[in-house]
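Below is one structure; the comments refer to it alone.
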Amino acid sequence: MLSNRRILLIIGGGIAAYKSLDLIRRLQDRGARVRCILTDAAQQFVTALAAGTLCGERAYTDLFDAQSEFDVGHIRLARDTDLVVVAPATADLMAKITGGHADDLATAVLLATDKPILIAPAMNPHMWAAKATQRNLAQLKADGFRVAGPNSGEMAERGEAGVGRMAEPTEIVAAAEALLHRAGALTGKRVLVTSGPTSEPIDPVRYIANRSSGKQGHAIAAAAAAAGAEVVLVSGPVTVPDPAGVSVVKVETARQMLEAVEQALPADVAVFAAAVADWRPRQASAGKIKKDGRGPPTLELVENPDILATLAHRKSGRPRLVIGFAAETDDVLAHAKAKLKKKGCDWILANDVSPTTGIMGGDDNTVHLISAAGVEAWPPQSKEGVARMLVGRVATELGKKKR
Ligand code: C5P
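Mapped onto this note's numbering, the consecutive letters of the sequence shown carry residue numbers 13 to 415.
The structure is reproduced here in structure tokens:
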């Protein structure tokens with residue numbers, strides 16, 4: 013909930029601005045008090061009257077408007093809030109914020125505020141992929157800005173699709189809640205999650221992968237963020253959207269995943285939900301392997317690093333709680349118990365991924381939690397339900413272990 017939390021919504025000038033009107037409502041539904049600033053460009057898409065009517069107070073538009081300065085002033089607008097949300101954050105607005113510009117009300121407030129800032133980028137996929145935008149994004153993240161989206165999908169322009177759609181209002185609300193979570197169960201904790209498959213190249217067009225969708229790992233990252241944790245999600249190639257309010261590092265291979273995980277340390281908790289390929293081709297061919305009449309090529313495989321075991325066995329910097337998954341098709345509990353020992357982790361969530369269960373790629377999961385204390389059967393539920401239960405158990409465990 014956002015009961016009585018004050019949110020300053022800065023609406024940038026993009027077609028996604030129409031969704032920002034819905035965002036005002038969604039934030040209010042959660043109990044927030046919303047104030048709005050519209051950039052000049054935003055007013056080409058939505059009116060200050062519409063935004064102000066929804067907010068129940070006039071929307072602000074002009075840095076040099078004597079009346080606004082008299083009413084509140086840009087410094088008070090910047091300070092009298094708990095969170096600033098920029099939605100949509102256009103490429104131009106992101107560039108201005110990165111550069112510390114302050115030539116209009118929106119940018120002046122963003123420079124003057126001492127409150128957390130959440131941005132929801134929205135733009136054409138080519139603008140999003142542009143080096144300048146990615147450079148600005150990296151700088152904004154380094155400066156402590158939180159980012160929700162963008163998602164991939166259809167653009168407002170007909171026939172255009174790709175990454176660049178603004179996160180949905182409900183996702184932005186979830187990210188805002190994660191950021192503002194007062195005394196959330198994991199507030200102040202750093203949580204590292206791996207998710208999705210890895211993809212191990214055979215040649216430039218072929219690879220070895222598996223059926224992992226990333227749904228369970230991503231749900232865990234989202235639930236930890238919603239409980240107030242600072243979350244780094246290291247994900248292999250997936251089609252599920254990035255969870256809002258989470259720092260996502262995208263990788264392809266197991267070796268890249270291990271490197272990203274080590275870079276993300278220190279962490280209080282690490283959850284290894286990724287389905288890491290156990291083996292990779294010894295040498296990926298530089299060119300596409302051709303049918304040359306000499307019969308099929310032989311793939312020589314070598315073992316990938318075990319990320320979970322590597323982290324669990326670290327002498328220094330081991331997360332306080334290391335949690336693995338055991339996806340098995342037979343004798344699930346026996347294998348999982350053996351895995352707990354072999355990998356050196358604290359808990360294992362074991363699930364049966366035989367094709368008949370529909371768990372791999374599906375929306376539901378049935379798990380057992382295995383620890384030194386024994387085996388606990390959890391009820392069949394959605395992957396989000398499993399994630400919330402796990403976060404609850406993690407919070408209890410960290411509470412116990414508190415020094
Ligand atoms: O050995 P197995 O793949 O069944 O172990 C599953 C657990 O180990 C999962 O938590 C998975 O994320 C992790 N794992 C890993 N690195 C590997 C293989 C598995 O982190 N190379």
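C-beta: ideal position from N, C-alpha, C; glycine also.
Residue i burial status per 10 Å Cβ neighbour count (16 or more: buried)
{"i": "P255", "result": "buried"}
{"i": "A2", "result": "In the structure as shown, the chain begins at 13 and stops at 415. Residue 2 is therefore absent and cannot be evaluated."}
{"i": "A238", "result": "buried"}
{"i": "R292", "result": "buried"}
{"i": "L361", "result": "buried"}
{"i": "K355", "result": "buried"}
{"i": "H138", "result": "exposed"}
{"i": "G200", "result": "exposed"}
{"i": "S430", "result": "This structure does not reach residue 430, given that the chain is present from 13 up to 415, and the question cannot be answered."}
{"i": "D41", "result": "exposed"}
{"i": "F76", "result": "exposed"}
{"i": "L313", "result": "exposed"}
{"i": "R88", "result": "exposed"}
{"i": "N377", "result": "buried"}
{"i": "D116", "result": "buried"}
{"i": "E180", "result": "buried"}
{"i": "N16", "result": "exposed"}
{"i": "L122", "result": "buried"}
{"i": "L311", "result": "exposed"}
{"i": "R415", "result": "The predicted model places R415 with a pLDDT of 44, which falls under 50 and marks its position as unreliable, so this point remains unresolved."}
{"i": "K303", "result": "exposed"}
{"i": "K412", "result": "exposed"}
{"i": "T408", "result": "exposed"}
{"i": "R177", "result": "buried"}
{"i": "T119", "result": "buried"}
{"i": "E212", "result": "buried"}
{"i": "G248", "result": "buried"}
Beta-carbon proximity of residue i to residue j, cut-off 8 angstroms
{"i": "A298", "j": "I214", "result": "no"}
{"i": "A62", "j": "I23", "result": "no"}
{"i": "V379", "j": "A235", "result": "no"}
{"i": "P128", "j": "R158", "result": "yes"}
{"i": "V246", "j": "V273", "result": "yes"}
{"i": "I36", "j": "A188", "result": "no"}
{"i": "G229", "j": "G208", "result": "yes"}
{"i": "S32", "j": "L21", "result": "yes"}
{"i": "M106", "j": "T51", "result": "no"}
{"i": "E340", "j": "A348", "result": "yes"}
{"i": "P331", "j": "A282", "result": "yes"}
{"i": "L191", "j": "G257", "result": "yes"}
{"i": "S259", "j": "V244", "result": "yes"}
{"i": "A276", "j": "L204", "result": "yes"}
{"i": "T110", "j": "N148", "result": "yes"}
{"i": "R202", "j": "D280", "result": "yes"}
{"i": "A60", "j": "A99", "result": "no"}
{"i": "E264", "j": "T210", "result": "yes"}
{"i": "M167", "j": "A173", "result": "yes"}
heavy atom of ligand 1 below 7 angstroms from residue i C-beta
{"i": "N222", "result": "no"}
{"i": "I232", "result": "no"}
{"i": "N480", "result": "A query on residue 480 cannot be resolved here, the shown segment of the chain reaching from 13 to 415 and no further."}
{"i": "D358", "result": "no"}
8 angstroms Cβ cutoff, residue i in contact with chain C
{"i": "A90", "result": "The question asks about chain C, but that chain is absent: this structure has only one protein chain."}
beta-carbon residue i near ligand 2 non-hydrogen atom, thresh 7 angstroms
{"i": "K355", "result": "With respect to ligand 2, the structure shown offers nothing to examine, as its ligands consist of ligand 1."}
Write down every uninterrupted run of the beta strand (DSSP E) in the stretch 132-204 whose length is 3 residues or greater and which is fully enclosed by it, in chain order. Listed in chain order, the complete beta strand (DSSP E) runs (minimum 3 residues) inside the stretch 132-204 are 163-166 and 173-177.
Restricting to runs no shorter than 4 residues, where is the alpha helix (DSSP H) found entirely within the stretch 76-134? Runs of the alpha helix (DSSP H) inside the stretch 76-134: 78-83, 86-91, 103-111 and 117-124.
Complete alpha helix (DSSP H) runs within the stretch 225-251 (minimum length 4 residues, chain order): Considered as a whole, the stretch 225-251 harbours 227-238 as its complete alpha helix (DSSP H) runs of no fewer than 4 residues, in chain order.
Taking only runs of the alpha helix (DSSP H) that begin and end inside the stretch 298-343, which ones reach a length of at least 4 residues, in chain order? Within the stretch 298-343, the complete alpha helix (DSSP H) runs of at least 4 residues are 319-324.
With a cut-off of 5 angstroms, give the chain-ordered residues whose Cβ is closer than this to any heavy atom of ligand 1. The answer, residue by residue, is F284, A286, V288, N316, D318, I319, L320, G336 and F337.
3-residue-minimum beta strand (DSSP E) runs that sit fully inside the stretch 344-397, ordered along the chain: 359-364, 379-383 and 386-389, all fully within the stretch 344-397.
Which ranges does the alpha helix (DSSP H) cover as unbroken runs of at least 4 residues, wholly within the stretch 259-289, from first to last along the chain? The stretch 259-289 contains these whole alpha helix (DSSP H) runs: 266-276.
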